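Undergrad: Residue numbers (the working numbering), protein chains in the order written: chain P, 1 to 110; chain Z, 1001 to 1110; chain H, 2001 to 2142; chain Y, 3001 to 3142. Using N, Cα and C, we set each Cβ at its ideal position, and we do this for glycine too. Please read these numbers as outputs of a predicted model, since none were measured by experiment.
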Amino acid sequence: MEITVKKEGSASVVSVKGRIDALTAGEFEKGLAALMAGGDYALVVDFKGLEYISSAGLRSILSTAKQLKAKGGEMIFAGLQGPVKDVFKISGFGSIFKIFDTEEEALRQV
Amino acid sequence: MEITVKKEGSASVVSVKGRIDALTAGEFEKGLAALMAGGDYALVVDFKGLEYISSAGLRSILSTAKQLKAKGGEMIFAGLQGPVKDVFKISGFGSIFKIFDTEEEALRQV
Amino acid sequence: MKQIPEYIRVPASMGSLQTSLAFVRFCLASQGIGEARLREVELAMEEILVNIFRYAYAGRNGEVEIACRLEGGGRALVEVADRGIPFDPLSHQDPDLRAGIEERKIGGLGVFFVKQLVPDVRYRREGERNILTLPIEADPML
Amino acid sequence: MKQIPEYIRVPASMGSLQTSLAFVRFCLASQGIGEARLREVELAMEEILVNIFRYAYAGRNGEVEIACRLEGGGRALVEVADRGIPFDPLSHQDPDLRAGIEERKIGGLGVFFVKQLVPDVRYRREGERNILTLPIEADPML
Ligand SMILES: Nc1ncnc2c1ncn2[C@@H]1O[C@H](COP(=O)(O)OP(=O)(O)O)[C@@H](O)[C@H]1O
Ligand SMILES: Nc1ncnc2c1ncn2[C@@H]1O[C@H](COP(=O)(O)OP(=O)(O)O)[C@@H](O)[C@H]1O
């Protein structure tokens, strides 16, 4: 897994490549926590390069999203590929989160 | 492992891609045996696409080369990449076989 | 046709995850099962294994045995066995998928994914062992 | 740092080859050992394992246990154990590398490769078990 972060106006774009599984979800969650700790409450998570996510990754997402919500912030998603889209669909995450085709579209809505 | 064969004048060029290990050496040896059975006694083995070879592959080579020699034929090599070249070197095969950088050079010598 | 080992036995700890998933992948790929289905089974297997690593032995050391049997016709049977506390995932309650972010409970998705991805999964307790049987067909579920 | 399992146990048959090599690869890669050295160790391991599969159990069923211990500083220790007939590969005679095609004996290269690729390999018989220990450093031998 590889995480990169960039600022776009008031939002932070978090791009994740590779796999978020039980071995890497902790690192992913720590990355998100670091952004929150730095006062970034508007997160665009770009999963264009993500090949695989398991329930461990969804756990990190939901835990972060709950904290963001409590702070008036938000976490939205862009670029979900086939297998990741499937996981969002069967878990219901596809309907509790805002999901956009591209990072650009997501940034317009943030 | 993927084997392809083409005729070049009186020689047959056998190109092998992938891995020749204990799981695939049998198939490689059968391919060589089929050529001999068809009367092809001048073999150029092109290892340009070969990533890995273990002693099982060398066993197939030596066994075929002995049979070819008995029939007045020959087996020469081209295109050995790093790891395969190393295996030829430590096994002594680098000095008992003729080895060329490219298939074209090998064909000129056959 | 490539032979596959009947089983693999590894410690019930996170470090065994990659090797175990690679074993299942080799086995199913040798049956000609395609990438889309391989990924789904990989996900189901991760969920099963991580749960065993986390919960089955309640902190003590233990092992997991994974068997993979070829059934012919592009079908295979994967079996996962542990000697941990009795646990039947099929009797576990599904999560509420419609709850919003604040109400939604964290967790409970692993077992649910297994049932979605391998609908014919079976559980049995045999002596001291929990045994999950996963019949795998070539077609992706999703 | 990624944890790795202490060991893997598989049937002593050809079908176990890929899984076993993948296990060793994961373990060593987690130590930052580079591709060139990984390939050499893979070759040594193939030779050791195939010999165990072929010879150790003389046609009967058996198992192989592979342990991988991280030693820190980019070093690791791989151990391969079987319960087959006693066999010390280090006492096996090296092949004649200079013989021509007609004189050259077929075989005998596997054990030789292991010694070339892992010069510090050690053998011991412990009870009913053959144990090979391979200290692995990051630098390629060749
Ligand atoms: N192998 C197991 N042994 C004992 N309990 C288990 C096992 N697998 C799962 N469980 C229990 O079932 C619950 C649901 O598991 P799961 O759906 O994977 O979600 P999560 O692990 O995120 O809670 C776990 O919280 C645990 O209490
Ligand atoms: N694990 C083992 N148990 C018993 N005998 C073995 C074992 N490994 C190797 N041998 C013996 O050592 C010989 C040399 O092995 P090797 O160098 O791999 O060459 P090859 O297998 O091609 O003969 C084998 O022919 C076999 O007789």
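Can you tell me which of Z:K1017, Z:G1073, Z:G1026 puts its alpha carbon nearest to the alpha carbon of R1059 of chain Z?
TA: The residue labelled residue 1059 of chain Z in the question sits at position 59 within the second sequence. For the residues Z:K1017, Z:G1073, Z:G1026, the minimum Cα distance to R1059 of chain Z belongs to Z:G1026.
Undergrad: Out of Y:R3104, Y:E3063, Y:R3075, which one is the CA nearest neighbour of E3139 of chain Y?
TA: For the purposes of this step, residue 3139 of chain Y is identified with residue 139 of the fourth sequence, where counting begins at 1. A small correction: the amino acid at residue 3139 of chain Y is Asp; Glu does not occupy that position in the sequence shown. Of the candidates Y:R3104, Y:E3063, Y:R3075, the one whose C-alpha sits nearest the C-alpha of D3139 of chain Y is Y:R3075.
Undergrad: Within the same chain, show all residues whose beta-carbon is closer than 8 angstroms to that of L1035 of chain Z, passing over the 5 residues directly before and after it, in chain order.
TA: Stepping through the second sequence from its first residue, residue 1035 of chain Z is reached at position 35. Here the set comprises V1005, S1012, V1014, L1043.
Undergrad: Can you confirm whether A3076 of chain Y, when its beta carbon is compared against all beta carbons of chain H, has any partner nearer than 8 angstroms?
TA: To locate residue 3076 of chain Y, count along the fourth sequence from 1; it is residue 76. Answer no: the Cβ-Cβ gap between A3076 of chain Y and chain H never drops below 8 angstroms.
Undergrad: In the DSSP assignment, find the alpha helix (DSSP H) that holds I2048 of chain H and state where it starts and stops.
TA: Along the third sequence, one-based indexing puts residue 2048 of chain H at 48. Start and end: 2035–2051.
Undergrad: Can you find a heavy atom of ligand 2 that lies under 7 angstroms from the Cβ of A3056 of chain Y?
TA: Working through the fourth sequence from its first residue, we reach residue 3056 of chain Y at position 56. Within the cutoff, so yes.
Undergrad: At a Cβ cut of 7 angstroms, what residues of the segment 3080–3102 of chain Y count as close to chain H, listed as they run along the chain?
TA: Residues passing the 7 angstroms Cβ filter: none.
Undergrad: Ends of the alpha helix (DSSP H) at V3009 of chain Y?
TA: By one-based count along the fourth sequence, residue 3009 of chain Y stands at place 9. The identity of residue 3009 of chain Y in the sequence shown is Arg, whereas the question assumes Val. No alpha helix (DSSP H) contains R3009 of chain Y, which is instead part of the beta strand (DSSP E) from 3007–3011.
Undergrad: Under 8 angstroms Cβ to Cβ from I20 of chain P, same chain only, skipping five residues before and after it: list those, please.
TA: In the first sequence, residue 20 of chain P corresponds to position 20, counting from 1. Excluding sequence neighbours, I20 of chain P sits near M1, F28, L50, Y52, I53, S54, A56, G57, S60.
Undergrad: Going by the CB atoms, is the gap between V3041 of chain Y and I3101 of chain Y shorter than 8 angstroms?
TA: Within the fourth sequence, the letter at position 101 stands for residue 3101 of chain Y. Within the fourth sequence, the letter at position 41 stands for residue 3041 of chain Y. No, Cβ-Cβ distance for I3101 of chain Y and V3041 of chain Y is not below 8 angstroms.
Undergrad: I need the straight-line Cα distance from L2132 of chain H to K2115 of chain H, nearest angstrom please.
TA: Taking the third sequence and counting its residues from 1, the one referred to as residue 2132 of chain H is at position 132. Taking the third sequence and counting its residues from 1, the one referred to as residue 2115 of chain H is at position 115. Distance between the alpha carbons of L2132 of chain H and K2115 of chain H: 11 angstroms.
Undergrad: May I ask you to list the residues that DSSP assigns as paired with A2081 of chain H?
TA: The residue you call residue 2081 of chain H lines up with position 81 of the third sequence. DSSP, once it has assigned bridges, lists H:E2065, H:I2131 as partnering A2081 of chain H.
Undergrad: Output needed for I99 of chain P: all residues of its chain with C-beta closer than 6 angstroms, excluding positions within five of it in sequence on either side, in chain order.
TA: To locate residue 99 of chain P, count along the first sequence from 1; it is residue 99. Once the five neighbours on either side are set aside, the close Cβ partners of I99 of chain P are F77.
Undergrad: With 7 angstroms as the limit, tell me which residues of the segment 3024–3049 of chain Y have their beta carbon closer than that to any beta carbon of chain H; keep them in chain order.
TA: Against chain H - using a Cβ distance shorter than 7 angstroms - the residues of the segment 3024–3049 of chain Y are F3026.
Undergrad: Would you kindly check if the distance between the Cβ of E2071 of chain H and the Cβ of V2111 of chain H is under 8 angstroms?
TA: For the purposes of this step, residue 2111 of chain H is taken as residue 111 along the third sequence, with counting starting at 1. For the purposes of this step, residue 2071 of chain H is taken as residue 71 along the third sequence, with counting starting at 1. Result no, Cβ atoms of V2111 of chain H and E2071 of chain H do not sit closer than 8 angstroms.
Undergrad: Whole angstroms is fine: what's the gap from Y41 of chain P's alpha carbon to E104 of chain P's?
TA: By 1-based counting over the first sequence, the position of residue 41 of chain P is 41. By 1-based counting over the first sequence, the position of residue 104 of chain P is 104. Between Y41 of chain P and E104 of chain P, the C-alpha separation is close to 18 angstroms.
Undergrad: For I2085 of chain H versus A2058 of chain H, is the C-beta distance shorter than 8 angstroms?
TA: Along the third sequence, read from residue 1 onward, the residue named residue 2085 of chain H stands at position 85. Along the third sequence, read from residue 1 onward, the residue named residue 2058 of chain H stands at position 58. Yes. Within cutoff.
Undergrad: Roughly how many whole angstroms lie between the Cα atoms of L2134 of chain H and V1087 of chain Z?
TA: Against the third sequence, residue 2134 of chain H aligns to sequence position 134. Against the second sequence, residue 1087 of chain Z aligns to sequence position 87. Whole-angstrom Cα-Cα distance: 42 angstroms.
Undergrad: Taking the C-alpha atoms as reference points, what is the distance between N2051 of chain H and F1093 of chain Z?
TA: By one-based count along the third sequence, residue 2051 of chain H stands at place 51. By one-based count along the second sequence, residue 1093 of chain Z stands at place 93. One C-alpha to the other measures close to 51 angstroms.
Undergrad: Name the chain P residues that come within less than 7 angstroms of G2110 of chain H, Cβ to Cβ?
TA: Your numbering for residue 2110 of chain H matches position 110 in the third sequence. Chain P residues near G2110 of chain H: S55.
Undergrad: Provide the residue span of the beta strand (DSSP E) that contains G18 of chain P, from first to last.
TA: Residue mapping note: residue 18 of chain P aligns to position 18 of the first sequence, counting from 1. It spans 11–20 - the beta strand (DSSP E) in which G18 of chain P sits, taken as one unbroken run.
Undergrad: If we require 3 or more residues per run, which beta strand (DSSP E) segments fall completely within the segment 12–78 of chain P?
TA: With a minimum length of 3 residues, the continuous beta strand (DSSP E) runs that stay inside the segment 12–78 of chain P are 42–46, 50–53, 74–78.
Undergrad: Counting only C-beta atoms, is L3070 of chain Y closer than 8 angstroms to chain Z at any point?
TA: In the fourth sequence, the residue the question calls residue 3070 of chain Y occupies position 70. Not closer than 8 angstroms to any Cβ of chain Z, the Cβ of L3070 of chain Y fails to qualify, so no.
Undergrad: Just to check my reading of the structure: F3113 of chain Y and L3043 of chain Y have Cβ atoms closer than 8 angstroms, yes? What is that Cβ distance to the nearest angstrom?
TA: Your numbering for residue 3113 of chain Y matches position 113 in the fourth sequence. Your numbering for residue 3043 of chain Y matches position 43 in the fourth sequence. That pair is a contact at about 6 angstroms.
Undergrad: Starting from I1003 of chain Z, follow the alpha helix (DSSP H) in both directions and report where the run begins and ends.
TA: As a working note, residue 1003 of chain Z is residue 3 in the second sequence. Per DSSP, I1003 of chain Z belongs to no alpha helix (DSSP H); it is in the beta strand (DSSP E), 1002–1008.
Undergrad: Check each candidate in Y:Q3018, Y:V3121, Y:E3065 and name the one with the smallest Cα separation from L3090 of chain Y.
TA: Residue mapping note: residue 3090 of chain Y aligns to position 90 of the fourth sequence, counting from 1. Selected option, being the one with the closest Cα: Y:V3121.
Undergrad: Please name the residues in the segment 1038–1067 of chain Z whose beta-carbon is closer than 8 angstroms to at least one beta-carbon of chain Y, in chain order.
TA: Flagged, chain order: Y1052, S1054, S1055, A1056, L1058, R1059, L1062, S1063, A1065, K1066.
Undergrad: What whole-angstrom Cβ distance do L1080 of chain Z and E1074 of chain Z have, given they're in contact under 8 angstroms?
TA: Translated into positions along the second sequence, residue 1080 of chain Z becomes position 80. Translated into positions along the second sequence, residue 1074 of chain Z becomes position 74. Their Cβ separation, rounded to whole angstroms, is 17 angstroms, which puts L1080 of chain Z and E1074 of chain Z out of contact at 8 angstroms.
Undergrad: Is it true that the CB of V2024 of chain H sits closer than 8 angstroms to the CB of M2045 of chain H?
TA: If you number the third sequence from 1, residue 2045 of chain H lands on position 45. If you number the third sequence from 1, residue 2024 of chain H lands on position 24. In contact: M2045 of chain H and V2024 of chain H (Cβ atoms closer than 8 angstroms).
Undergrad: Who pairs with A3076 of chain Y in a beta bridge, going by DSSP?
TA: As a first step, residue 3076 of chain Y must be located in the fourth sequence, where it is residue number 76. In the DSSP output, where bridge partners are listed per residue, A3076 of chain Y has Y:L3070, Y:I3136.
Undergrad: Would the C-beta of L2109 of chain H count as close to ligand 1, meaning under 7 angstroms from any of its heavy atoms?
TA: Taking the third sequence and counting its residues from 1, the one referred to as residue 2109 of chain H is at position 109. It does: the Cβ of L2109 of chain H is within 7 angstroms (strictly closer) of some heavy atom of ligand 1.
Undergrad: Just the Cα atoms here: how many angstroms apart are G1009 of chain Z and K1085 of chain Z?
TA: Mapped onto the second sequence, residue 1009 of chain Z falls at position 9. Mapped onto the second sequence, residue 1085 of chain Z falls at position 85. Going by the C-alpha atoms only, they are around 27 angstroms apart.
Undergrad: Does the Cβ of Q2031 of chain H have 16 or more other Cβ atoms within 10 Å, making it buried, or fewer, making it exposed?
TA: On the third sequence, position 31 is the one that residue 2031 of chain H refers to. Buried is the call here.
Undergrad: Could you tell me whether the Cβ of G3062 of chain Y comes closer than 8 angstroms to any Cβ of chain Z?
TA: Here residue 3062 of chain Y is taken as the residue at index 62 of the fourth sequence, counted from 1. No, G3062 of chain Y lies away from the interface with chain Z (no Cβ there is under 8 angstroms from its Cβ).
Undergrad: Have a look at H:L2097, H:R2069, H:A2036 and flag the residue whose alpha-carbon is nearest the alpha-carbon of L2117 of chain H.
TA: As a working note, residue 2117 of chain H is residue 117 in the third sequence. Among H:L2097, H:R2069, H:A2036, the Cα nearest to that of L2117 of chain H is on H:A2036.
Undergrad: Around the Cβ of D2094 of chain H, are there at least 16 other Cβ atoms within 10 angstroms (buried) or fewer (exposed)?
TA: Position 94 of the third sequence, counted from the first residue, corresponds to residue 2094 of chain H. Exposed, since its Cβ has fewer than 16 Cβ neighbours within 10 Å.
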